[in-house]
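In terms of UniProt numbering, the sequence shown opens at residue 1 and continues consecutively. One structure below.
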Amino acid sequence: MSRESATPSITDLIRTLADDVIGLFRKELRLAKAEASEKVSQTISALELLLASAVLMIGALGVLLSALVAALAAVFIAQGMGEASASSLSAGIVGVLLAVVAWLLLSRAMSNLKASNIALPKTVRSLDRDVNLVKEKL
Numbered sequence: 001m002s003r004e005s006a007t008p009s010i011t012d013l014i015r016t017l018a019d020d021v022i023g024l025f026r027k028e029l030r031l032a033k034a035e036a037s038e039k040v041s042q043t044i045s046a047l048e049l050l051l052a053s054a055v056l057m058i059g060a061l062g063v064l065l066s067a068l069v070a071a072l073a074a075v076f077i078a079q080g081m082g083e084a085s086a087s088s089l090s091a092g093i094v095g096v097l098l099a100v101v102a103w104l105l106l107s108r109a110m111s112n113l114k115a116s117n118i119a120l121p122k123t124v125r126s127l128d129r130d131v132n133l134v135k136e137k138l
């Protein structure tokens with residue numbers, strides 16, 4: 001056997017390198033899909049628990065707010081205000097305070113959801129580096 005037939009050509013080496021890189025990317029993609037699927041399942045389970053607890057917390061908050069309205073009405077009644085007026089004023093005060101808190105939370109949530117906060121700059125840079133590395137190798 002001659003030396004030339006045993007040594008692969010540059011074209012064969014480049015083709016082999018390209019096949020290896022493509023194979024590596026395919027394996028990485030399969031791994032990422034499997035990992036993402038597992039994480040999605042875990043996230044769904046956590047979200048189900050979060051939803052159940054949120055429903056219970058909303059009920060508890062309603063009870064606590066009702067108790068606050070009743071307590072505030074009792075204070076107003078003790079100060080000599082009529083029962084109907086005290087109840088209405090108490091409900092109005094608690095409602096306004098709750099609306100202010102809700103507005104503050106909503107404003108903060110909206111600012112956190114801006115597109116610049118959702119971008120993935122680290123992932124984009126990492127993918128750019130990978131593409132440049134493959135280009136250099138080819």
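All C-beta atoms, glycine included, are put in the ideal place defined by N, C-alpha and C. A quick note: this is a predicted structure, and the numbers were derived from the prediction, not measured.
Have a look at Leu17 and Leu24 and give me their C-alpha separation to the nearest angstrom.
Position 17 of the sequence shown, counting from 1, holds the residue named residue 17. Position 24 of the sequence shown, counting from 1, holds the residue named residue 24. When rounded, the separation of the alpha-carbon atoms in Leu17 and Leu24 is 10 Å.
Tell me where the alpha helix (DSSP H) around Thr123 begins and ends.
For the purposes of this step, residue 123 is taken as the residue at position 123 of the sequence shown. Segment Pro121 to Lys137, the alpha helix (DSSP H) holding Thr123.
Would DSSP call Lys114 helix, strand or coil?
Taking the sequence shown and counting its residues from 1, one reaches residue 114 at position 114. Coil.
Please classify Val63 as buried or exposed, where buried requires at least 16 other C-beta atoms within 10 Å of its C-beta.
Reading the sequence shown from its first residue, position 63 is the one you call residue 63. Under this definition Val63 is an exposed residue.
Assign Gln79 to one of three DSSP states: helix, strand, or coil.
Indexing the sequence shown from 1 puts residue 79 at position 79. Looking at Gln79 - three-state DSSP - the assignment turns out to be coil, as it is neither helix nor strand.
What's the gap between the Cα of Arg15 and the Cα of Val124?
Looking up residue 15 in the sequence shown gives position 15. Looking up residue 124 in the sequence shown gives position 124. Rounded to whole angstroms, the gap between the alpha carbons of Arg15 and Val124 is 27 Å.
So what does DSSP say about Thr7, is it helix, strand or coil?
Stepping through the sequence shown from its first residue, residue 7 is reached at position 7. Coil at Thr7, not helix or strand.
Tell me which residues share the same chain as Lys39 and place their Cβ nearer than 6 Å to its Cβ, disregarding the 5 neighbours each side in the sequence.
Numbered from its first residue, the sequence shown carries residue 39 at position 39. Excluding residues within five positions, none has a Cβ falling inside 6 Å.
Is the separation between the beta-carbon of Leu65 and that of Ile93 shorter than 8 Å?
Locating residue 65 in the sequence shown gives position 65, where the first residue counts as 1. Locating residue 93 in the sequence shown gives position 93, where the first residue counts as 1. Going by C-beta atoms, Leu65 is not nearer than 8 Å to Ile93.
Is the beta carbon of Ser90 sitting closer than 8 Å to the one on Phe76?
In the sequence shown, the residue the question calls residue 90 occupies position 90. In the sequence shown, the residue the question calls residue 76 occupies position 76. Yes, Cβ-Cβ distance for Ser90 and Phe76 is below 8 Å.
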